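Notes for the one structure printed next.
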Amino acid sequence: WHHAAHTVDLFQYQTGSPVVAAQAMQGPTHPELGIAMDMSIQLLTEAGQLCTLALSFNNDGPFGTFFRYIGDTGTYIARYDDLVTGSEEPVDVSGVDVSMNGIELQDRDFIAAIVEGREPVAGVASVLPCYEVLHQIEQQLLDG
86 WHHAAHTVDL
96 FQYQTGSPVV
106 AAQAMQGPTH
116 PELGIAMDMS
126 IQLLTEAGQL
136 CTLALSFNND
146 GPFGTFFRYI
156 GDTGTYIARY
166 DDLVTGSEEP
176 VDVSGVDVSM
186 NGIELQDRDF
196 IAAIVEGREP
206 VAGVASVLPC
216 YEVLHQIEQQ
226 LLDG
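For what it's worth, the numbering used here labels the leading residue of the sequence shown as 86, then goes sequentially.
Next up, the structure:
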């Protein structure tokens, strides 16, 4: 659920549109861990954007996370601090913000929000819609 939460939250943030439909499927439950080792989640926003998330702990190879963004204007792959096109051409994002470190940027915004008397971008209120979607998905899986 941890990785699913990041994806659902990021998807709603990037699209600026709430998820209005969600469905999920999961593989068999691991006998010792008691969790599904494989899951897929599909999301649809109010504006019509789709997100497909595939999660698997049955990994044979290096650990790591990457995101593939496929849109009507291009395809991008994000890996940690690197962004490339669908053809693996590097995308320079060094001028997007004052730092490439996401934790530093989040900390800077948190301090600025306190000074400015506003909710930080990564505030608790902004993540609640993500958990509402995850709860809906969990209920689907429990109901079979």
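Cβ coordinates follow ideal geometry from the N, Cα and C atoms, glycine included. Just so you know, these numbers come straight off a predicted model, no measurement behind them.
Straight-line CA distance for residue i to residue j?
i	j	result
residue 224	residue 173	39 Å
residue 212	residue 220	13 Å
residue 199	residue 228	42 Å
residue 218	residue 90	9 Å
residue 92	residue 134	14 Å
residue 87	residue 164	18 Å
residue 40	residue 178	Since the first and last residues shown for the chain are 86 and 229, residue 40 lies out of range.
residue 154	residue 169	10 Å
residue 192	residue 186	10 Å
residue 184	residue 167	13 Å
residue 94	residue 120	22 Å
CB residue i to CB residue j, shorter than 8 Å?
i	j	result
residue 207	residue 194	yes
residue 122	residue 143	yes
residue 126	residue 107	yes
residue 190	residue 109	no
residue 97	residue 175	no
residue 100	residue 132	yes
residue 130	residue 104	yes
residue 240	residue 158	Past the boundaries of the shown model lies residue 240; the chain is included only from 86 to 229, so the question cannot be answered.
What does DSSP give as the partner residues of residue i in its beta bridges?
i	result
residue 121	114
*asked:* As an exercise, report each continuous beta strand (DSSP E) stretch of at least 3 residues that is fully enclosed by the segment 151-219, in chain order.
replied: 151-156, 159-164 and 167-170
_Whole runs of the beta strand (DSSP E) within the segment 122-146, excluding any shorter than 3 residues_ = 123-130 and 135-141
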